[in-house]
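Have a look at the structure below, then the notes.
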Amino acid sequence: MKITFAHMGNLYITVKALLEDLGAEVVVPPMPSKRTLSIGSRYSPEFACLPLKVNIGNYVEALELGADTIAMAGGVGPCRFGMYGEVQREILKALGYEFDMVIIEPPQGRIRHVLEQAGRLVGRNPMRKYVGAVRLAWAKMTAVDELEKAAQRARPFERRRGAATSALGSALKLVDEAAGISQVRRALEEGQEMLRSVQDPTPGASRRNPESPPRIGIVGEVYVVLEPFVNFEVERRLGEMGVLVERSIYIGDWVKEHVFKDFMRLRKSRRPYDLAKPYLCHFVGGHGVETVGHTVEYARRGFDGVIQLAPFTCMPEIVAQDVLPAVSRDLGIPVMTLVFDEHSSDTGVLTRLEAFVDLVERSRRRRRARDGTMG
Amino acid sequence: MGIPRALLYYHYYPMWKAFFESLGGTVVTSGETTRAILDAGIKVTVDEACLPVKVFHGHVLALAGKCDYVFVPRLVSVERRAFICPKFMGLPDMIRCNCRDAPRIIDSCINLSRTTREYVRAVLATGRMFTRSTLRILAAHRRGRAALTRYGRCLESGMTPDEAMAFMGVAPLSDELAQRAVAAASSTSGVARGGGGAANVVIGLVGHPYIIYDSFVSMNVIRRLREMGATVITADMLPWAVTEREAARFPKRVFWTIGRRLLGAGFHFLRSGTVHGCLHMSAFACGPESLIGDILEREAARHRDVPFATITVDEHTGEAGVLTRLEAFVDVVTRRRKQ
Numbered sequence: 001m002k003i004t005f006a007h008m009g010n011l012y013i014t015v016k017a018l019l020e021d022l023g024a025e026v027v028v029p030p031m032p033s034k035r036t037l038s039i040g041s042r043y044s045p046e047f048a049c050l051p052l053k054v055n056i057g058n059y060v061e062a063l064e065l066g067a068d069t070i071a072m073a074g075g076v077g078p079c080r081f082g083m084y085g086e087v088q089r090e091i092l093k094a095l096g097y098e099f100d101m102v103i104i105e106p107p108q109g110r111i112r113h114v115l116e117q118a119g120r121l122v123g124r125n126p127m128r129k130y131v132g133a134v135r136l137a138w139a140k141m142t143a144v145d146e147l148e149k150a151a152q153r154a155r156p157f158e159r160r161r162g163a164a165t166s167a168l169g170s171a172l173k174l175v176d177e178a179a180g181i182s183q184v185r186r187a188l189e190e191g192q193e194m195l196r197s198v199q200d201p202t203p204g205a206s207r208r209n210p211e212s213p214p215r216i217g218i219v220g221e222v223y224v225v226l227e228p229f230v231n232f233e234v235e236r237r238l239g240e241m242g243v244l245v246e247r248s249i250y251i252g253d254w255v256k257e258h259v260f261k262d263f264m265r266l267r268k269s270r271r272p273y274d275l276a277k278p279y280l281c282h283f284v285g286g287h288g289v290e291t292v293g294h295t296v297e298y299a300r301r302g303f304d305g306v307i308q309l310a311p312f313t314c315m316p317e318i319v320a321q322d323v324l325p326a327v328s329r330d331l332g333i334p335v336m337t338l339v340f341d342e343h344s345s346d347t348g349v350l351t352r353l354e355a356f357v358d359l360v361e362r363s364r365r366r367r368r369a370r371d372g373t374m375g
Numbered sequence: 376m377g378i379p380r381a382l383l384y385y386h387y388y389p390m391w392k393a394f395f396e397s398l399g400g401t402v403v404t405s406g407e408t409t410r411a412i413l414d415a416g417i418k419v420t421v422d423e424a425c426l427p428v429k430v431f432h433g434h435v436l437a438l439a440g441k442c443d444y445v446f447v448p449r450l451v452s453v454e455r456r457a458f459i460c461p462k463f464m465g466l467p468d469m470i471r472c473n474c475r476d477a478p479r480i481i482d483s484c485i486n487l488s489r490t491t492r493e494y495v496r497a498v499l500a501t502g503r504m505f506t507r508s509t510l511r512i513l514a515a516h517r518r519g520r521a522a523l524t525r526y527g528r529c530l531e532s533g534m535t536p537d538e539a540m541a542f543m544g545v546a547p548l549s550d551e552l553a554q555r556a557v558a559a560a561s562s563t564s565g566v567a568r569g570g571g572g573a574a575n576v577v578i579g580l581v582g583h584p585y586i587i588y589d590s591f592v593s594m595n596v597i598r599r600l601r602e603m604g605a606t607v608i609t610a611d612m613l614p615w616a617v618t619e620r621e622a623a624r625f626p627k628r629v630f631w632t633i634g635r636r637l638l639g640a641g642f643h644f645l646r647s648g649t650v651h652g653c654l655h656m657s658a659f660a661c662g663p664e665s666l667i668g669d670i671l672e673r674e675a676a677r678h679r680d681v682p683f684a685t686i687t688v689d690e691h692t693g694e695a696g697v698l699t700r701l702e703a704f705v706d707v708v709t710r711r712r713k714q
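Top to bottom, those sequences are chains A and B.
Residue 71 in the numbering used here sits at position 71 of the first sequence, with consecutive numbering throughout.
Position in the second sequence (first residue = 1) + 375 = the numbering used here.
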């Protein structure tokens with residue numbers, strides 16, 4: 001049995017470690033490319049959201065490489081993601097592929113249920129083995145997050161454009177190849193050192209603003225925020241323009257909040273909900289409330305701008321997008337929404353990013369001047 | 376109390392009206408959707424919002440100055456373990472952020488996904504605006520439920536919402552329109568048969584209520600089909616048991632209430648042989664329908680004897696384009712039937 005799964009940013013490192021440590025054979029689909037997207041959009045429903053389409057492309061490319069089992073998460077709504085697995089199975093069956101699709105529905109607290117479903121994928125294992133695999137996967141996931149954060153901090157100060165991104169690439173490779181927890185730790189340290197060494201230590205070395213680079217927060221739907229291929233590497237682009245970027249979602253947090261706590265029936269963090277009031281007072285599925293809550297948080301922390309990323313037709317993000325102008329107006333923080341689908345273009349996104357960074361800088365200068373005269 | 380004539384007005388208006396009126400309130404509605412209402416809605420919403428949401432904003436704005444409160448309930452869920460659409464869950468927030476001149480909003484949170492307790496609390500909280508007597512509120516609610524049951528029976532007998540409301544005497548239409556609707560409804564003894572046109576076919580119409588029953592948004596699809604001589608059956612005219620049974624053919628329970636109803640209706644139309652054609656009408660970029668429509672299309676491909684077509688509408692849709700497609704579809708259905 002050869003298991004495959006869909007890509008979402010660097011999540012594959014974690015999933016691969018988990019499944020392989022449990023003795024499964026894994027086929028990681030090729031990194032998403034133009035081909036992936038064109039396969040996906042050819043066979044998917046026209047108005048389905050982008051993640052579904054890219055997933056289909058991933059599956060097709062992995063099935064071509066010999067995978068025969070697809071692991072996918074389910075859901076209970078109201079976001080469309082909960083229906084993905086069933087619809088994707090229909091699409092792939094209609095294309096004539098032979099495969100088994102294991103859709104892991106949220107067990108809502110029953111740990112036995114999780115193990116049963118895991119058993120379908122990787123066979124029976126002693127509990128000890130599960131614990132070991134989860135610990136290794138967890139270590140890798142944390143390391144990936146740390147490295148991504150380090151790269152975001154390094155980019156505005158790198159000596160050579162692109163150096164931080166290529167250092168991140170080699171560091172992630174080390175993490176991916178690490179065979180045990182101690183090796184993961186070493187890979188993380190090595191990666192952090194690589195990312196330190198690409199920066200110019202002299203003060204005032206930032207590309208854009210010598211004393212303090214502008215800070216922009218990225219919020220939005222988890223898939224397009226985490227997957228650089230579909231968001232045209234927003235993070236790298238901004239970083240290389242000299243902007244300090246922070247995202248509202250890292251894979252580790254996402255897994256902790258949405259996978260782990262769901263499984264264990266732990267109480268989820270109420271913080272985004274409290275912050276989102278009075279703009280959005282109710283769960284709307286997906287990450288709608290988080291998007292609004294994090295925008296408020298970035299504004300309070302003194303960020304200079306917020307960019308919302310969403311797939312075209314994403315229902316929760318549309319609700320969020322609809323109330324964001326009010327947040328922006330009340331808290332005085334520039335907010336821009338970028339919507340992605342298979343027709344989005346590189347230059348279109350780049351132009352908007354450049355314009356937004358200009359706008360953010362100007363509003364910051366104005367704010368400083370005003371505060372200066374008042375002070 | 377103002378009730379916007381959009382979104383789930385088409386499902387719940389008789390209930391809401393009965394509830395508020397038995398508590399001593401006066402109910403007004405915005406009129407039928409017009410170009411001006413739509414334009415007002417487009418102006419205050421983001422581009423990405425779907426057509427029905429834009430139309431709803433327009434209706435709320437149209438109620439400004441005509442009422443003290445607008446009823447914009449947060450319809451999270453109307454049955455166990457299912458939702459309607461994420462946009463309904465954030466609707467009061469969207470209205471509050473976008474329509475700053477709107478009358479005060481009553482945003483009772485209707486959530487039956489887990490328990491009924493939350494629902495009871497919401498009903499009581501809404502009723503307390505009128506009276507402190509819990510008994511009176513519960514009696515009003517009972518009257519509302521009774522109206523809803525009666526309304527459901529009218530729909531099942533083949534009436535459209537407008538006809539059913541006219542028949543029940545709760546229609547907010549102008550007098551002339553109401554009379555015409557009553558005449559139409561009674562002359563066909565409750566069953567909405569088409570007349571006049573040459574075609575003698577039955578067409579199953581699948582679409583969200585706020586699309587197909589809104590004469591402006593749907594370009595009058597039901598009236599036009601009837602004028603061509605077709606009898607129109609919609610999901611709301613089918614008993615729940617039928618749509619539930621049919622929707623259960625899909626391996627996963629669909630967690631959108633209307634989505635599941637439409638899927639069940641579509642399966643029923645395609646499989647049961649009770650209709651000669653199945654027409655699917657959806658709003659551009661509707662989330663649930665992007666998947667429901669795809670599932671239906673795949674099912675339709677397995678039942679070639681029932682012609683299936685999808686018409687997508689948005690704020691740029693031209694009447695002539697829709698009409699041409701409708702005529703072509705009815706032609707195909709008629710010809711297929713003769714064969």
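Positions of the beta carbon are idealized from the N, C-alpha and C atoms, including for glycine.
Per-residue burial, residue i [other beta carbons within 10 Å of its own, 16 or more giving buried]
i              : result
T408 (chain B) : buried
R368 (chain A) : exposed
N575 (chain B) : exposed
A94 (chain A)  : exposed
S33 (chain A)  : exposed
P614 (chain B) : exposed
V87 (chain A)  : buried
R449 (chain B) : buried
A150 (chain A) : buried
D537 (chain B) : buried
G571 (chain B) : Confidence at G571 (chain B) is low in this model, with a pLDDT of 49, below 50, so the placement of that residue should be treated as unreliable; the coordinate-derived value is given next. Exposed, because fewer than 16 other Cβ atoms sit within 10 Å of the Cβ of G571 (chain B).
For residue i, the residue or residues it bridges with in DSSP
i              : result
T509 (chain B) : Bridge partners of T509 (chain B): none, in fact.
E240 (chain A) : None, per the DSSP bridge assignment.
I3 (chain A)   : A:V26, A:T69
C425 (chain B) : Answer is none; C425 (chain B) lacks a bridge partner.
C484 (chain B) : B:R449
Q308 (chain A) : A:V219, A:T337
E158 (chain A) : A:Q199
R245 (chain A) : Reading off the sequence shown, one finds Val at residue 245 (chain A), where the question assumed Arg. Answer is A:I216, bridged to V245 (chain A).
Start and end residues, alpha helix (DSSP H) containing residue i
i              : result
D706 (chain B) : 694-713
S405 (chain B) : From DSSP, S405 (chain B) is part of no alpha helix (DSSP H); its letter is neither H nor E.
F395 (chain B) : 384-397
F463 (chain B) : 461-464
R196 (chain A) : 181-197
G293 (chain A) : 288-300
L275 (chain A) : 271-276
Contact belief for residue i with residue j at Cβ below 8 Å, rounded distance in angstroms
i              : j              : result
V435 (chain B) : P379 (chain B) : 5 Å
H655 (chain B) : A684 (chain B) : 7 Å
V421 (chain B) : Q321 (chain A) : 5 Å
T649 (chain B) : V577 (chain B) : 7 Å
E531 (chain B) : M612 (chain B) : 6 Å
L426 (chain B) : V688 (chain B) : 7 Å
A439 (chain B) : D476 (chain B) : 6 Å
V222 (chain A) : H287 (chain A) : 6 Å
A299 (chain A) : I249 (chain A) : With a Cβ gap of about 18 Å, A299 (chain A) and I249 (chain A) do not count as contacting.
M376 (chain B) : C442 (chain B) : 6 Å
T165 (chain A) : R215 (chain A) : Not a contact, Cβ separation roughly 19 Å.
S44 (chain A)  : L37 (chain A)  : With 8 Å as the limit, S44 (chain A) and L37 (chain A) do not qualify as a contact, their Cβ atoms being about 10 Å apart.
Boundaries (first-last residue) of the beta strand (DSSP E) holding residue i
i              : result
L92 (chain A)  : Taken as a continuous stretch (DSSP letters only), L92 (chain A) belongs to no beta strand (DSSP E), being part of the alpha helix (DSSP H) at 81-94.
A684 (chain B) : 683-688
C653 (chain B) : 652-658
V607 (chain B) : 606-609
I103 (chain A) : 100-104
Residue closest to residue i, alpha-carbon to alpha-carbon, out of the options
i              : options                        : result
I686 (chain B) : B:S657, B:T491, B:A393, B:G639 : B:S657
G123 (chain A) : A:R270, A:P316, A:G23          : A:G23
V596 (chain B) : B:R636, B:V697, B:L413         : B:V697
A605 (chain B) : B:E454, B:R712, B:C484         : B:R712
L499 (chain B) : B:A695, B:F394, B:L383, B:S665 : B:F394
I470 (chain B) : B:F625, B:L638, B:E690, B:G416 : B:G416
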